[in-house]
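> Letter 267 of the sequence shown, counting from 1, is numbered 298 in our numbering, and no numbers are missing. C-beta: ideal position from N, C-alpha, C; glycine also. This structure is in structure tokens; I'll ask about it shortly.
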Amino acid sequence: MKTRPYQTVLFLGDGMADEPIAELGGRTPLQAAQKPNMDVIARNGRSGTMLTLPDGFPTSSDVANMSVLGCDLAREFCGRGPLEAASKGITLGANDIAFRMNIVTVDADGILRDFSGGHIAQHDADEAVALLNAKLGTDTIRFYPGVSYRNLLILSGAEFSADVASDKPDDNHGNPVAGHLPRATTPAGEHTAAVLRDLTARAADLLAGREANGIWLWSGGKAGAIHDICQRYTIRAAVISAVDVINGLGACMGMDVINVPGATGYIDTNYEGKADAVLKALRDGYDFVFAHVEAIDEVSHAQDLNLKIKTIEDFDRRLVGRVMRHAGEGVAYAVLPDHPVPIATGKHTRTPVPVAVWQPLPATPDAVQTFDEEAAQHGSLGLLKGSDLMDLLCGVHQSCNIRDGIQPRRPA
32 MKTRPYQTVL
42 FLGDGMADEP
52 IAELGGRTPL
62 QAAQKPNMDV
72 IARNGRSGTM
82 LTLPDGFPTS
92 SDVANMSVLG
102 CDLAREFCGR
112 GPLEAASKGI
122 TLGANDIAFR
132 MNIVTVDADG
142 ILRDFSGGHI
152 AQHDADEAVA
162 LLNAKLGTDT
172 IRFYPGVSYR
182 NLLILSGAEF
192 SADVASDKPD
202 DNHGNPVAGH
212 LPRATTPAGE
222 HTAAVLRDLT
232 ARAADLLAGR
242 EANGIWLWSG
252 GKAGAIHDIC
262 QRYTIRAAVI
272 SAVDVINGLG
282 ACMGMDVINV
292 PGATGYIDTN
302 YEGKADAVLK
312 ALRDGYDFVF
322 AHVEAIDEVS
332 HAQDLNLKIK
342 TIEDFDRRLV
352 GRVMRHAGEG
362 VAYAVLPDHP
372 VPIATGKHTR
382 TPVPVAVWQP
392 LPATPDAVQT
402 FDEEAAQHGS
412 LGLLKGSDLM
422 DLLCGVHQSC
432 NIRDGIQPRR
442 PA
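Right, here's the structure in full:
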């Protein structure tokens, strides 16, 4: 495999972008936070914005991260379920449909109160999934544990269809669950939608009395055809994340998945462990390392302003700064969110996100001095779309090689 002229680390703070907040004097959390290391990337490099959630696709993290990594959404979007199955090393057959399953909290009136089930502890989530399998599982219906509230349902059989629409749970806090149940988009999907609604109702009975007392089934799909990022750019690439959807996406794109002990997908995640994993990947010769942090997204959905600022600062100091201090010369850096999650609403928006890129090859820095939503609009990169960012970071060396079906690598 061809050696790149330099190595690249892409830092992604999930949900980091926001909107001006009166409480912050009209600044965003990114503008208010102490983030000297991200500012250094912007000051020494070039900035711009990137459209990651184009019209016509869900405002979800799978779409946004596929955009960041240069996927052709019209051809490659398959839903979150298959990506999370890939992360677990589950190879989906032609008649398998994978759905993301949140374990959630629903009040006595049927209103969704917490899409994360109170950030259910891992052992409680595993116990709940085991109970669902024991009572509801069959040869064609199987539940799989994931990380905390993020779990998986796989339906197997020709009688099932992916022609089902579902809503994002994190967009529906305070709304009645009954108004957002899975529904068929074609006659072929009627049976599958009915099965999903039945499982939702029966799960509520099984989990009654617990804080995390329900399930939310969404973003289902079949195995798709996603390009191999390593073949496209002639690189060796790795992904470091706590959450299945990102690890699964990376695996489907030919990236090696590096697991980090203590990476939780929440504010207690092992930032230093992730940073050290990035540094080891660089020493091991990886050309491209994708370092993803989920915690900022979680607190943004919770509309916790102070915690959002703190997680941005943790991301900057404990991950970005630690890597930049120890990586040595000749490493390129890029930083961006995958999508905004404004504190005002706690929901994803389609607003383009800020991006900053600092590469060691001769390139004149632009005038941008800080990494934030407003400053990035004045950067020399302009508005990036599609594969623009990955082409900038890795260069195009050969045409995309589309594979038939998702055939992920096993996590390292």
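Taking only the alpha-carbon atoms, compute the straight-line gap between GLY148 and ARG267 and give it to the nearest angstrom.
Rounded to the nearest angstrom, the two C-alpha atoms are 38 Å apart.
> Determine the DSSP secondary structure at GLN262, reduced to helix, strand or coil.
Three-state DSSP puts GLN262 in a helix.
> Can you tell me whether ALA147 is helix, strand or coil according to DSSP?
With the sequence shown as reference, residue 147 is identified as Ser, and Ala is not the correct amino acid for it. Coil, per DSSP.
> Could you give the DSSP three-state label for ASP225: helix, strand or coil?
It should be noted that the sequence gives Ala, not Asp, for residue 225. Residue state, collapsed to three classes: helix.
> Please list the terminal residues of the continuous beta strand (DSSP E) segment that includes LEU82.
Per DSSP, LEU82 belongs to no beta strand (DSSP E) and is neither H nor E.
> What are the uninterrupted segments assigned as alpha helix (DSSP H) that are 4 or more residues long and contained completely in the stretch 304-338, given in chain order?
Listed in chain order, the complete alpha helix (DSSP H) runs (minimum 4 residues) inside the stretch 304-338 are 326-332.
> Which of the three DSSP states, helix, strand or coil, is assigned to PRO60?
DSSP places PRO60 in helix when its eight states are reduced to three.
> What distance in whole Å lies between the Cβ atoms of ALA95 and ASP22, which are believed to be in contact at a cut-off of 8 Å?
With the chain covering only 32 through 443, there is no way to say anything about residue 22.
> Report back the beta-carbon spacing between LYS253 and ILE128 to the nearest angstrom; my notes put them in contact at under 8 Å.
6 Å between Cβ atoms; contact.
> Measure the beta-carbon distance from GLY245 to ALA234 and round it to whole angstroms, keeping in mind my assumption that it falls under 8 Å.
Correct: roughly 6 Å between the Cβ atoms.
> Considering only DSSP beta bridges, list what TYR364 is partnered with.
Paired residues: VAL40 and TRP389.
> Using DSSP with H/G/I as helix, E/B as strand and the rest coil, what is ASP287?
Three-state DSSP puts ASP287 in a strand.
> What's the call for GLY177, buried or exposed, on a 16-neighbour Cβ count within 10 Å?
It is buried - the Cβ of GLY177 has at least 16 other Cβ atoms within 10 Å.
> Check whether the stretch 194-208 touches the stretch 220-240, counting contact only when three or more Cβ pairs, one atom from each stretch, lie closer than 8 Å.
Contact between the stretch 194-208 and the stretch 220-240 is present, because at least three Cβ pairs lie under 8 Å.
> Please report the distance separating the alpha-carbon of GLU404 from that of LEU61.
The alpha-carbon atoms of GLU404 and LEU61 are separated by roughly 8 Å.
> Along the chain, where does the alpha helix (DSSP H) that runs through ALA269 open and close?
Note, ALA269: premise wrong, no alpha helix (DSSP H); beta strand (DSSP E) at 268-271.
> For ASP329, count the other beta carbons within 10 Å of its own beta carbon; 16 or more makes it buried, fewer makes it exposed. Which is it?
Note that residue 329 is Glu in the sequence shown, not Asp. So GLU329 ends up on the buried side.
> With distances taken from CA atoms, which of GLY240, MET355, LEU415 and ALA363 is nearest PRO67?
Comparing Cα positions, the closest option is MET355.
> Please confirm whether VAL137 and ARG144 have their CB atoms less than 8 Å apart.
The answer is yes: Cβ separation under 8 Å.
> When DSSP labels each residue in this structure, what does ALA407 get in the three-state scheme?
ALA407: helix per DSSP, three-state reduction.
> Verify whether the separation of the beta carbon atoms of LEU392 and PRO36 is less than 8 Å.
Yes, Cβ-Cβ distance for LEU392 and PRO36 is below 8 Å.
> Candidates ALA209, LEU237 and GLN400: which alpha carbon is nearest ALA161's?
Answer by Cα proximity: LEU237.
> With respect to the beta strand (DSSP E) encompassing SER91, which residues constitute its N-terminal and C-terminal limits?
Per DSSP, SER91 belongs to no beta strand (DSSP E) and is neither H nor E.
> Looking at the strands, I want to know which residues DSSP matches up with GLY168.
Partner(s): none; GLY168 has no beta bridge.
> Express the C-alpha separation of GLY417 and TYR264 in angstroms, rounding to a whole number.
Taking the straight line from one Cα to the other gives about 15 Å.
> Alpha helix (DSSP H) containing MET421: first to last residue?
Per DSSP, MET421 belongs to the alpha helix (DSSP H) from 419-425.
> For ALA215, list the residues DSSP reports as bridge partners.
BP columns for ALA215 point to VAL195.
> In chain order, what residues of the same chain lie with their CB nearer than 7 Å to the CB of PRO51, ignoring the 5 residues before and after it?
Excluding positions up to five away in sequence, the list reads GLY57, ARG58 and THR59.
> Just verifying my parser: in three-state terms, what is the DSSP assignment at ASN182?
Strand, per DSSP.
> Taking 6 Å as the limit between beta carbons, can you name the residues of its chain near GLY352, skipping five residues before and five after?
Excluding sequence neighbours, GLY352 sits near ASN68.
> If you check the beta carbons only, do GLY410 and ASP397 fall under 8 Å apart?
In this structure, ASP397 lies closer than 8 Å to GLY410 by Cβ.
> By the 10 Å Cβ neighbour count, where 16 or more other Cβ atoms means buried, how is THR169 classified, buried or exposed?
Counting Cβ neighbours within 10 Å, THR169 comes out exposed, since fewer than 16 surround it.
> Who does ASN129 pair with in a DSSP beta bridge?
In the sequence under discussion, the amino acid at residue 129 is Ala, which differs from the Asn named in the question. According to DSSP, ALA129 bridges with ILE185 and GLY252.
> Could you tell me whether the stretch 206-220 touches the stretch 278-286, where touching means 3 or more Cβ pairs closer than 8 Å?
They do not touch, by the three-pair rule.
> DSSP on GLY76, reduced to helix/strand/coil?
Residue state, collapsed to three classes: coil.
> Could you have a look at ILE277 and say whether DSSP puts it in helix, strand or coil?
Residue state, collapsed to three classes: helix.
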